[in-house]
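So the sequences go chain by chain: Y and C.
For this note's numbering, count along the first sequence from 1 and bump the result up by 30.
For this note's numbering, count along the second sequence from 1 and bump the result up by 4.
Cβ coordinates follow ideal geometry from the N, Cα and C atoms, glycine included.
Fair warning: this is a prediction, and the values are worked out from it, not measured in the lab.
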Amino acid sequence: MMKAQIIGTPFIYIMFTFVAIGVIVAGIIAVHNLENASRATQLANFQLSLQNKVKSISTSVNSVSQETFALPPGIESVCFIGDEDFVPYTNKKVTENKIIYADKNLFFEPVERFSPRAVSNIAVDQNPLCLKVIDGKLSIYLQGLGNETKIIPADNAKPAECVSVKYSTENAIDIVFLGYNYNTIPTFAGDVSRYVNDVFLATEPYNSSQEKFNFYRVDDFSLSCSIVPGFNYIDCDSYQTNLMAANCPHDYIVVLADRNQLNDVLNPVRSSQVGNTAKVNTADNKDVLIHEFGHQFGLADEYIVNYPGFDPDAYPNCGTSCKWNSITGQCYGTPNPNDNNGCSIDTAYRGTATSIMKELYIHEYGPINEDAIRQVLDAYG
Amino acid sequence: MDKRIWLLLLVMIPMVSAEQVLVVHLRYDDGFISVVDKTTTLGYYPDRLYQPDSGYRLEIVSVDDNNLYSFRFNLPVDVFYDAEVLGVLEGGIIRLNETDFSLIVPYFDDAKEINFYNERNYLVASANLVEDKLSPQTIFPTVSISIIILLALILLIISRRKIRLT
């Protein structure tokens, strides 16, 4: 080896070490930022859900509702501050923060990790009212008082089975998440939060219609599901699924089946949709939820399945003729041989070149599918 | 205020949340529908603000033959299954010849029967609801809860009298 190479070799090792450390540190920072962003989103959802519930219940004078809200991991307790007769709390940090954030009335412990928020028209008897968060859930009673809502502790009550993940209005579309094969609530809660915030509400037309959706979850993993042999899709006991879903307001049900990636590579399992229920394999591409919800709202597959007896005209996104002039004025499928197949069957047309109903990496429904979905959304508040 | 008194008051104040619902377990077998089971529970039923233009119809009839509740639905016999394999979306549709499915509907005290009609408006299945209301499983919980509330009130009154005497 030449002298220059001998001198240069340790230098290369040192450079490599610095680069490797840099990459690892950058990775840790990126993951930390993602977790912080996720926590911030979940906290925003809690604030919005609480505000909407307070507004909705306040008008039912003297009626009481038990509500359970989801909170991001790490929050130990929530403190509600009323407008009148604030007594400096035994916890010095909450009191100090109240002085700093005079316009906020919702504080989270540990206060140094979570920014305070504001919720209007709430009342408390004990001021401030600090309640413990258990397993990432806060269970409280809300009592309507006409122009405001009283927050009452639910210490001695059995926690409600239904956990509100994001609440908008009473007339919104209710979607409930059930879990299969999960071992812990935090894992399930984290998956639900990701599917709701990072997948579903990140996709149009849902993104611009967020106020039309309420999301809930049921932390009960006793659901009985199986893999249908031959077709390898997830199937769950319908009676049990509906009994469990009945714990929450629901128009649509999503069962998340927890599977790890390695297991799924060795034994792939398909997500499925039937009736008002979608069963999603969590090891699959997360956008499969968007595809399955397309089926929930009446869309057909746009990739070829060649199912005998399939009627393309029964679906808004497939047809035996070009019926989308008012939306796109375009048509894809036969007899144009340059297009990549038809719509579920190779003798049908579709209105867009591609969409998430054809390929998952297309993270959008396209104008025709969005138009069809909006017709369903318009029926709700 | 004493927490016990709060809890008692909360029990008596009307709760605005879940109501009684009926979960109906049905079986579809090659064109025929039958009612397998029914359960009354505290919970929620779907709003059904969006319904298909045609399809099967469920109807709940009262003891004096009024329509209490009805909605249209599609039989859940088409299963869409999908998965992404090596970056390509694949799957298919299965049309089931037989399947079990469930529907959740509101519970009515004066409901007599629940009827199912097919797309041609022919009655294809029916279930009697009156016998369930008189069953021990329905009466016992209601009576038990009433007795517990009454006993709790009596104990509260007695304890408050003892406090006054002392």
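Integer Cβ distance of residue i from residue j, believed to fall under 8 angstroms
{"i": "Asp-294 of chain Y", "j": "Tyr-246 of chain Y", "result": "Incorrect: roughly 27 angstroms between the Cβ atoms, too far for contact."}
{"i": "Asn-306 of chain Y", "j": "Ile-283 of chain Y", "result": "6 angstroms"}
{"i": "Ile-334 of chain Y", "j": "Ser-374 of chain Y", "result": "7 angstroms"}
{"i": "Val-94 of chain Y", "j": "Gln-173 of chain Y", "result": "5 angstroms"}
{"i": "Tyr-85 of chain C", "j": "Tyr-210 of chain Y", "result": "At roughly 16 angstroms, the Cβ-Cβ gap does not stay under 8 angstroms, so Tyr-85 of chain C and Tyr-210 of chain Y are not in contact."}
{"i": "Asp-221 of chain Y", "j": "Leu-286 of chain Y", "result": "6 angstroms"}
{"i": "Ala-22 of chain C", "j": "Tyr-48 of chain C", "result": "6 angstroms"}
{"i": "Val-109 of chain C", "j": "Leu-273 of chain Y", "result": "With 8 angstroms as the limit, Val-109 of chain C and Leu-273 of chain Y do not qualify as a contact, their Cβ atoms being about 13 angstroms apart."}
{"i": "Ser-256 of chain Y", "j": "Gln-270 of chain Y", "result": "Incorrect: roughly 12 angstroms between the Cβ atoms, too far for contact."}
Sequence-distant residues of its chain with Cβ nearer than 7 angstroms to residue i (five each side left out)
{"i": "Gly-59 of chain C", "result": "Arg-76, Phe-77, Asn-78 and Glu-123"}
{"i": "Ile-158 of chain C", "result": "none"}
{"i": "Asp-331 of chain Y", "result": "Ser-374 and Met-387"}
{"i": "Asn-399 of chain Y", "result": "Gly-324, Leu-329, Asn-347, Ser-385 and Met-387"}
{"i": "Asn-132 of chain C", "result": "Glu-117"}
{"i": "Val-149 of chain Y", "result": "Gln-77, Leu-80, Gln-81, Val-84, Asn-135 and Leu-136"}
{"i": "Glu-191 of chain Y", "result": "Val-248, Asp-250 and Asn-277"}
{"i": "Asp-133 of chain Y", "result": "Ala-148"}
{"i": "Tyr-43 of chain Y", "result": "none"}
{"i": "Val-15 of chain C", "result": "Note on Val-15 of chain C: pLDDT 48, under 50, position unreliable in the model; no value is reported."}
{"i": "Val-20 of chain C", "result": "In this prediction, Val-20 of chain C has a pLDDT of 48, which is less than 50 and means its spatial position is unreliable; what the coordinates show is noted afterwards. Around Val-20 of chain C: no qualifying Cβ."}
Same chain only: Cβ atoms within 6 angstroms of residue i, ignoring 5 sequence neighbours per side
{"i": "Glu-241 of chain Y", "result": "Ser-198"}
{"i": "Leu-390 of chain Y", "result": "Asn-315 and Asp-317"}
{"i": "Leu-73 of chain Y", "result": "Pro-102"}
{"i": "Thr-350 of chain Y", "result": "Pro-342 and Asp-343"}
{"i": "Gln-405 of chain Y", "result": "none"}
{"i": "Val-65 of chain C", "result": "Lys-116 and Glu-117"}
{"i": "Pro-279 of chain Y", "result": "Asp-204"}
{"i": "Ile-357 of chain Y", "result": "Pro-397, Ile-398 and Asp-401"}
{"i": "Trp-10 of chain C", "result": "Reliability of the predicted coordinates at Trp-10 of chain C is poor, the pLDDT of 49 falling under 50, and the value obtained from them is presented with this limitation in mind. Once the five neighbours on either side are set aside, Trp-10 of chain C has no close Cβ partner at all."}
{"i": "Asn-311 of chain Y", "result": "Ala-287, Arg-289, Val-299 and Ser-301"}
Strand pairing of residue i, partner residues [DSSP]
{"i": "Lys-316 of chain Y", "result": "Answer by DSSP bridge pairing: none, since Lys-316 of chain Y is not bridged."}
{"i": "Asp-33 of chain C", "result": "C:Phe-36 and C:Glu-102"}
{"i": "Ser-385 of chain Y", "result": "Per DSSP, none; premise fails for Ser-385 of chain Y."}
{"i": "Asp-6 of chain Y", "result": "The requested residue 6 of chain Y is not part of the displayed model; chain Y covers only 31 to 411."}
{"i": "Phe-110 of chain Y", "result": "Y:Leu-136 and Y:Leu-159"}
{"i": "Lys-167 of chain Y", "result": "Y:Ala-100 and Y:Ile-164"}
{"i": "Ile-108 of chain C", "result": "C:Val-27"}
{"i": "Gln-303 of chain Y", "result": "Y:Ala-308 and C:Phe-84"}
{"i": "Arg-247 of chain Y", "result": "Y:Val-193 and Y:Phe-207"}
{"i": "Asp-41 of chain C", "result": "C:His-29"}
{"i": "Lys-180 of chain Y", "result": "Y:Ala-153 and Y:Gln-173"}
{"i": "Glu-117 of chain C", "result": "C:Val-65 and C:Asn-132"}
{"i": "Cys-348 of chain Y", "result": "Y:Arg-380"}
{"i": "Ser-93 of chain Y", "result": "In the DSSP output, where bridge partners are listed per residue, Ser-93 of chain Y has none listed."}
Same chain only: Cβ atoms within 8 angstroms of residue i, ignoring 5 sequence neighbours per side
{"i": "Ser-86 of chain Y", "result": "Thr-199 and Glu-200"}
{"i": "Ser-150 of chain C", "result": "none"}
{"i": "Pro-298 of chain Y", "result": "Asn-262"}
{"i": "Arg-224 of chain Y", "result": "Ser-68 and Lys-316"}
{"i": "Ala-202 of chain Y", "result": "Glu-241, Lys-242, Phe-243, Asn-244, Tyr-410 and Gly-411"}
{"i": "Gly-104 of chain Y", "result": "Arg-69, Pro-140, Arg-143 and Phe-144"}
{"i": "Ala-308 of chain Y", "result": "Tyr-282, Ile-283, Val-284, Val-285, Ser-301, Ser-302, Leu-319, Glu-322, Phe-323, His-325 and Gln-326"}
{"i": "Ser-90 of chain Y", "result": "Gly-174"}
{"i": "Pro-18 of chain C", "result": "Legend: pLDDT at Pro-18 of chain C = 42, less than 50; position of this residue unreliable, value from coordinates given subsequently. Here the set comprises nothing."}
Chain A within 8 angstroms of residue i, Cβ atoms only
{"i": "Ile-98 of chain C", "result": "Going by chain labels, chain A is absent from the structure shown, which instead holds the protein chains Y and C."}
*asked:* Tell me which residues of the region 104 to 130 of chain C have at least one Cβ-Cβ distance to chain Y shorter than 9 angstroms, keeping chain order.
replied: Within the region 104 to 130 of chain C, the residues whose Cβ lies closer than 9 angstroms to some Cβ of chain Y are Asp-104, Phe-105, Ser-106, Leu-107 and Ile-108, listed in chain order.
*Output, in sequence order along the chain, the residues in the region 263 to 283 of chain Y whose CB is closer than 9 angstroms to any CB in chain C.*
Answer in chain order: Tyr-263, Ile-264, Asp-265, Asp-267, Ser-268, Tyr-269, Gln-270, Thr-271, Asn-272, Leu-273, Ala-275, Ala-276, Asn-277, Cys-278, Pro-279, His-280, Asp-281 and Tyr-282.
*Output, in sequence order along the chain, the residues in the region 340 to 362 of chain Y whose CB is closer than 9 angstroms to any CB in chain C.*
Per Cβ criterion, the list reads Phe-340.
*Looking at chain C, which residues of the region 132 to 151 of chain Y have a Cβ within less than 8 angstroms of any of its Cβ atoms?*
Flagged: no residues at all.
*Determine which residues of the region 382 to 406 of chain Y have a Cβ less than 8 angstroms from any Cβ of chain C, and write them out in chain order.*
From the region 382 to 406 of chain Y, only Lys-388, Glu-389, Leu-390, Tyr-391 and Val-406 have a Cβ closer than 8 angstroms to chain C.
*asked:* Along the region 82 to 96 of chain C, where does the CB come closer than 8 angstroms to a CB of chain Y? Name the residues.
replied: Using a CB distance below 8 angstroms, the part of the region 82 to 96 of chain C facing chain Y consists of Asp-82, Val-83, Phe-84, Tyr-85, Asp-86, Ala-87, Glu-88, Val-89, Gly-91, Val-92, Leu-93, Glu-94, Gly-95 and Gly-96, ordered along the chain.
*Using a Cβ cut-off of 9 angstroms, which residues of the region 227 to 248 of chain Y contact any Cβ in chain C, in chain order?*
Per Cβ criterion, the list is empty.
*asked:* Across the region 60 to 69 of chain C and the region 226 to 234 of chain Y, are there enough close Cβ pairs to call them in contact, namely three or more that are closer than 8 angstroms?
replied: As far as the Cβ criterion goes, the region 60 to 69 of chain C does not touch the region 226 to 234 of chain Y, which means the pair count is below three.
*asked:* Under 9 angstroms, CB to CB, which of the residues in the region 152 to 170 of chain Y have a partner in chain C?
replied: Those residues of the region 152 to 170 of chain Y that come within reach of chain C (Cβ to Cβ, closer than 9 angstroms) are Asp-155.
*Report yes or no: do three or more beta-carbon pairs, one from the region 102 to 122 of chain C and one from the region 34 to 47 of chain C, lie closer than 8 angstroms?*
Yes, the region 102 to 122 of chain C is in contact with the region 34 to 47 of chain C.
*State whether the region 97 to 114 of chain Y contacts the region 159 to 172 of chain Y, with contact taken as three or more CB pairs (one from each stretch) at a distance under 8 angstroms.*
Touching, yes, given that three or more Cβ pairs across the two stretches are closer than 8 angstroms.
*Would you say the region 297 to 306 of chain Y touches the region 248 to 264 of chain Y, given that touching needs at least three Cβ pairs under 8 angstroms?*
Taking 8 angstroms as the limit for Cβ pairs, the verdict is that the region 248 to 264 of chain Y does touch the region 297 to 306 of chain Y.
_Within 8 angstroms of chain Y by C-beta, residues of the region 43 to 64 of chain C in sequence order_ = Going along the region 43 to 64 of chain C in chain order, one finds Thr-43, Thr-45, Gly-47, Tyr-48, Tyr-49, Pro-50, Asp-51, Arg-52, Leu-53 and Tyr-54 with a Cβ nearer than 8 angstroms to chain Y.
*Does the region 174 to 183 of chain Y come close enough to the region 145 to 162 of chain Y to have 3 or more Cβ pairs within less than 8 angstroms?*
Enough Cβ pairs lie closer than 8 angstroms, so yes.
*What residues in the region 294 to 305 of chain Y bring their beta carbon closer than 8 angstroms to a beta carbon of chain C?*
From the region 294 to 305 of chain Y, only Pro-298, Val-299, Arg-300, Ser-301, Ser-302, Gln-303, Val-304 and Gly-305 have a Cβ closer than 8 angstroms to chain C.
*Determine which residues of the region 68 to 82 of chain Y have a Cβ less than 8 angstroms from any Cβ of chain C, and write them out in chain order.*
Legend: CB atoms of the region 68 to 82 of chain Y lying less than 8 angstroms from CB atoms of chain C are not found in any residue.
*Is the region 89 to 103 of chain C touching the region 28 to 37 of chain C in the sense that three or more CB pairs, one from each, lie closer than 8 angstroms?*
As far as the Cβ criterion goes, the region 28 to 37 of chain C touches the region 89 to 103 of chain C, which means the pair count is three or higher.
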